[in-house]
Structure formats: C-alpha cells, structure tokens
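Okay, so here's the structure we're looking at.
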Amino acid sequence: LLKEKFETTSQNLTKISHEKDRYLHLLEENLYQLINISNAMRCLNEGYNKEINSLILNALNSQKDQIRLELNEALEHHKSIIGTSHGKVLQFEASVAIVNNDELENFLLANLLSYFGIESTCFKNLSFDVNDFHLIFIKDKIFNKNVKKNYDFIVMGRHKNTHYEYFLTLPFEKKDLENILQNKLDKVCTLKFKTPYQNNVLLFKQNDFDATLFFNIIEKQCDKNICINSFSQLKQELSKETYRLILLDYELIKFDLEQMRNLLSAYKKQHPQSHIIFFSKEKVRDFDCVSEVLSDVSRNDLITLLRKYLPKA
181 LLKEKFETTS
191 QNLTKISHEK
201 DRYLHLLEEN
211 LYQLINISNA
221 MRCLNEGYNK
231 EINSLILNAL
241 NSQKDQIRLE
251 LNEALEHHKS
261 IIGTSHGKVL
271 QFEASVAIVN
281 NDELENFLLA
291 NLLSYFGIES
301 TCFKNLSFDV
311 NDFHLIFIKD
321 KIFNKNVKKN
331 YDFIVMGRHK
341 NTHYEYFLTL
351 PFEKKDLENI
361 LQNKLDKVCT
371 LKFKTPYQNN
381 VLLFKQNDFD
391 ATLFFNIIEK
401 QCDKNICINS
411 FSQLKQELSK
421 ETYRLILLDY
431 ELIKFDLEQM
441 RNLLSAYKKQ
451 HPQSHIIFFS
461 KEKVRDFDCV
471 SEVLSDVSRN
481 DLITLLRKYL
491 PKA
C-alpha cells in the first residue's frame, strides 16, 4: 500500500504544469499524501528496520518542507500522529465503522481509534447495519451520495465543513478525534447494541482437561457462556446465537477447512463487532475469517482477554 502511494505521488509530481491553479492543487494533494505516508511509517511496528525507516522519514519530511515553502505554509515540527501521552489515556468501550475507500486513511484512523481502545471495521459503502455500531465515520464524498439517509454520522474530509455538527478534518489529529469521542461516546458507549448479544463467550476445545480449565476461568469472569467440542455444535450455535467473544482451539482445523472458513466469514460479516480468536501453535496463513490468531494463552492471559473484550459489570 505504501509503495502504491509513493508511485502515485511520484506520477502526480511529474504531471505538474505551469498553470498556477493546477500547480497549487497538485502541490496540496501531494503534501497531503506525503503527510499520510509519513504518519503511516511512524505507526509501523519495531520489526521494521529502524535505520531504513528513519532515512525514509527524513526524505519525506524534506519533501513536505519544500512543498510547504512553495505554498507559503509554516514549517511544522515533525511528530507522531499519536504523539506523546502524559498521564492516563482515555479508553472507550465502543465499536466503530469507517466508511471510506482510501486504505491509507483507514489505516491511520483505525490506528488512532485503537489508541483509545476502540475496535473498528472498514467498509467502502453503507452495506451494513448501522445499528451494529456506536459510531460511524464516513468520508464526505461518500456521505454526499447518501444525503437522504438521515443518520448521525461523523463526516471526515480535507476541508472543514461547519454544516456538520461533528466533522473530522484530514490529515487526522489525535486531539480532534479525542474531542469527538468524548462528546459522542460519554453517553453512548455504555449502552447495549440495538441488536443485543444474549451471550458472552463461546469456547471450542476438544481436550476435556483444557476445556474444563478454560471454562472454569471464563465462568468466574462472566455468565451466559457455552463450551463445545464439535464442528456440528459450532455450526448450530453460530446459526442461532450471537456471542461477544469466540475462542477457537487449533483442533478446529482438523475439520473441513473450507467449510469452517465460510462459516466464520459469514458470521463475522453478519456480526462484525463479535471478536473471534483462533489459537494456533503454528503460523497460520490466509485466515482472515477470524479477528486475530494467537498462540496458546496462560490463565492470566485468558483473564486479560476476557476483560478486554467483554463489557465491564
């Protein structure tokens, strides 16, 4: 994705003509893309080569400064999109939808939301039930095509629009997002979904000893849970019930892998706010039918997971 953005930006720069308006527009567009690219680079994990990362960031910052000088804009201090936190960071129990067809913008917003403990799901259009989410961020261009839909969206775009009560200006700023979350979620985030979950945890474990051990821990943390040990039970439960957290043992891959993928993908699409965790001792590829893949967890790890993904009493 970053490579594609680099190539697009490079192609745009070569097309700049001597016409003043077009020249300024392309400079502004490329400045915006360079800001997003450098912010994305700062979000990369420590597994990336730090020296190469630093060289790329320095080059990007140099390009941004040159363009700002051309646009007569003030030079800025280069900092992380998240910045440095002093004191306690606000955390919200909420599920958010992002409606936007720009993958880099989606990555940056999702990264910022996760900083506040918020899980997000990205869509390219309004092809989902808006009642399944506490908040919906939508790009202004997409929103304008759906003006007849009178939903309480948070609109985001390049240019500030006072027509909307809540508008998130791009590039993203942590403080702007934090203010919106405080205003919108303080009263909403503790409410249940309009399509309420009747159950908390579904545990799939074939080993009786492990199943008993895990389930006892789960039962001490919350009620309305179920433990199953067969694929047929899993199909039955997911077809009629909804769960906040689904824990699946690696033994599940011994069954029909394709059928299992289809089952989980369909459930995940219908209930995007459910969190599905697959435990595997080996590296698993092409397994996007679950929310995350983890190695086996200890008792304390399991308790941490339960507290993270289940509502507080």
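For the sequence shown, our numbering assigns the number 181 to the initial residue and increments by one for each residue that follows.
No residue lacks a Cβ here, since even glycine has one placed at the ideal position from N, Cα and C.
query: Using 8 Å as the threshold, is the region 352-368 in touch with the region 384-400, meaning 3 or more CB pairs across them?
result: The region 352-368 makes no contact with the region 384-400: fewer than 3 CB pairs, one atom from each, lie closer than 8 Å.
Cα-Cα separation, Asn341 to Asp388: Annotation: Asn341 to Asp388 spans about 59 Å, alpha carbon to alpha carbon.
query: Can you list, in chain order, the residues of its chain whose CB lies under 6 Å from that of Glu299, leaving out five sequence neighbours each side?
result: For Glu299, same chain residues with a beta-carbon under 6 Å away, outside a window of 5 residues either side, are Ser275 in chain order.
field: Coarse secondary structure for Leu382, derived from DSSP in three states
entry: In the structure shown, the three-state DSSP call for Leu382 is strand.
task: Starting from the N-terminal side, write out each stretch of the beta strand (DSSP E) that is 3 residues or longer and does not extend beyond the region 384-433.
output: If we require 3 residues or more, the beta strand (DSSP E) runs fully inside the region 384-433 come out as 405-408, 423-428.
Contacting residues, own chain, Cβ-Cβ under 7 Å from Lys385 (five flanking each side not counted): Contacts found: Ala391, Phe394, Cys407, Asn409, Asp429.
- prompt: What is the C-beta distance between Asp476 and Phe458, in whole angstroms, given that I count them as a contact (C-beta under 8 Å)?
  reply: For Asp476 against Phe458, the beta-carbon gap comes to about 11 Å, at or over 8 Å, which does not count as contact.
field: Assigned secondary structure, Glu353 (DSSP; H/G/I helix, E/B strand, else coil)
entry: In this structure, DSSP gives Glu353 a state outside helix and strand, which the three-state scheme calls coil.
field: Presumed contact (8 Å Cβ cut-off) between Ile318 and Phe333, rounded CB distance
entry: Rounded, the Cβ-Cβ distance is 5 Å, consistent with contact.
message: Under 8 Å: does the beta carbon of Ile215 sit that close to some heavy atom of the ligand NAP?
response: You won't find the ligand NAP in this model; it holds no ligand whatsoever.
Outcome for Leu474 when other beta-carbon atoms lying within 10 angstroms are tallied against a minimum of 16: Classification of Leu474: exposed, given that the 10 Å Cβ count is below 16.
- prompt: Near Gly337, which residues of its chain fall below 6 Å by C-beta distance, leaving aside the five closest residues on each side in sequence?
  reply: The beta carbon of Gly337 sits closer than 6 Å to the beta carbons of Asp320 from its chain, once the five residues preceding and following it are set aside; these are given in chain order.
- prompt: So, helix, strand or coil for Glu299, using DSSP?
  reply: Correct three-state label for Glu299: strand.
task: Go to Leu444, then tell me how far its alpha helix (DSSP H) extends in each direction, as first and last residue.
output: Element bounds for Leu444: 437-450.
field: Euclidean distance between Cα positions of Glu209 and Lys449
entry: In a straight line, the C-alpha of Glu209 is about 34 Å away from that of Lys449.
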